[in-house]
Amino acid sequence: MPTRELSIDDAAALGQRLEAELGRTIVGQRAVLREILTTFFAGGHCLLRGVPGLAKTLIIKTLARTVDLSFNRIQFTPDLMPSDIVGAEVIEEDRSTGRREVRFMRGPVFAHILLADEINRTPPRTQAALLEAMQERQVTVGGIRYDLPAPQFVLATQNPIEQEGTYSLPEAQLDRFLLNVVIGYPTADEERQMLTQTTAAPGAAPRVVATGEDIAAVHALVRDVPAASNVVDYAARLVRASRPGATESASVVSKYVRWGAGPRAGQALLLCGKARALLEGRATVALDDVQALALPVLRHRILVNFQAEAEGLDADAVVARLLAEVPARA
């Protein structure tokens with residue numbers, strides 16, 4: 315439980331400080347930074363997809379340096395083992411007595427902020443080691459459960475263009491990510507600024523502008539933000555319309571979707587909507603919040619069928635049509 319309380323204005327000011335500090339290092343990408351902070355405020359995990367060289371790792375490392383929380387980085391590779399993530403039991407011997415005992419050596423997952431770099435480069439067995447950690451906030455080794463530090467934020471990066479030596483994330487693990495954020499190329503002005511900034515003398519290091527207590531208080535405050543019945547209804551209708559074969563299915567879904575979003579999608583829409591409202595200094599969730607977050611919430615929870623792939627349609631295109639087809643008000 316948080317030991318301090320924050321007002322809505324305090325939470326908005328905290329978000330502005332974090333965003334400003336990130337902006338001192340990261341050129342552009344304001345929408346991406348806002349979606350990552352939304353996930354951070356909501357207390358969930360984030361999947362960041364983009365081609366190499368777009369500062370995915372730098373964004374996460376910078377965020378970790380602006381908050382007074384522990385940080386670990388795991389570079390996912392094909393030979394990574396589950397014990398390399400969660401830890402392992404080792405036998406220690408007391409040289410003076412010769413007595414041996416088993417001790418658990420904690421892995422890098424025992425951190426408040428965890429960077430899972432190139433998460434799709436490791437086999438499913440190792441990817442599955444993160445499932446319990448991300449959902450239950452604990453790991454089980456040798457039949458013993460170990461609680462992870464709170465708050466915990468997993469931010470994973472993924473390169474979408476390389477296929478050799480990669481393993482698709484299982485749907486069960488994708489569903490654990492609150493948002494799937496896609497980072498694109500910078501604008502021409504942003505790229506010129508980036509070239510100038512990164513080839514000059516390094517600037518000042520990011521400052522710590524938030525504590526663990528601040529983040530815990532924000533997580534509690536997000537849960538207290540009210541959502542009107544029409545907002546809850548819209549989030550539910552949007553998710554249910556994404557499921558083929560259901561009575562509420564949208565026509566685009568019936569034609570192009572093989573598998574729709576589960577209940578976690580509706581939870582993510584409302585929870586992230588509350589966090590987005592706080593970041594903007596608002597006391598309630600609006601329909602606009604749900605619409606703005608529909609793409610990062612749904613794009614990794616909708617599986618398109620062969621017909622969609624044949625016509626060049628991906629999940630993003632389906633979500634865009636879904637938003638146009640499902641009315642905001644019943």
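Whatever position you read off the sequence shown (first residue = 1), add 314 for the working numbering. All residues carry an ideal CB built from backbone N, CA and C; glycine is no exception. Quick caveat: nothing in here was measured; it's all calculated off a predicted structure.
Buried versus exposed, by CB contacts within 10 Å (16 or more), residue i
i           : result
residue 544 : exposed
residue 483 : buried
residue 390 : buried
residue 396 : buried
residue 510 : exposed
residue 365 : exposed
residue 441 : buried
residue 409 : exposed
residue 565 : exposed
residue 372 : exposed
residue 374 : buried
residue 626 : exposed
residue 432 : buried
residue 416 : exposed
residue 503 : exposed
residue 321 : exposed
residue 452 : exposed
residue 472 : buried
residue 512 : exposed
Which of helix, strand or coil DSSP assigns to residue i
i           : result
residue 383 : coil
residue 440 : helix
residue 419 : strand
residue 461 : strand
residue 616 : coil
residue 626 : coil
residue 388 : strand
residue 609 : helix
residue 320 : coil
residue 595 : coil
residue 600 : coil
residue 643 : coil
residue 636 : helix
residue 395 : coil
residue 483 : coil
residue 432 : coil
residue 588 : helix
Beta bridge counterpart(s) of residue i as assigned by DSSP
i           : result
residue 407 : 414
residue 467 : 427
residue 453 : 460
residue 401 : 420
residue 493 : 360
residue 472 : 363
With contact counted as at least three CB pairs below 8 angstroms, one residue from each stretch, are the stretch 424-436 and the stretch 460-468 in contact?
yes
Note down, one range per segment and in chain order, each beta strand (DSSP E) of at least 3 residues found wholly within the stretch 495-576.
571-573
Is it true that the stretch 383-391 meets the stretch 489-500, where meeting means three or more beta-carbon pairs spaced less than 8 angstroms apart?
no
Check whether the stretch 600-612 touches the stretch 545-555, taking contact to mean three or more Cβ pairs, one atom from each stretch, closer than 8 angstroms.
yes
Run through the stretch 328-384 for me and flag every whole alpha helix (DSSP H) of 4 or more residues, listed as ranges in chain order.
344-356 and 370-380
If you pair each beta-carbon of the stretch 588-598 with each one of the stretch 533-542, do three or more pairs fall below 8 angstroms?
yes
Check whether the stretch 567-580 touches the stretch 328-336, counting contact only when three or more Cβ pairs, one atom from each stretch, lie closer than 8 angstroms.
no
Could you tell me whether the stretch 485-492 touches the stretch 611-631, where touching means 3 or more Cβ pairs closer than 8 angstroms?
yes
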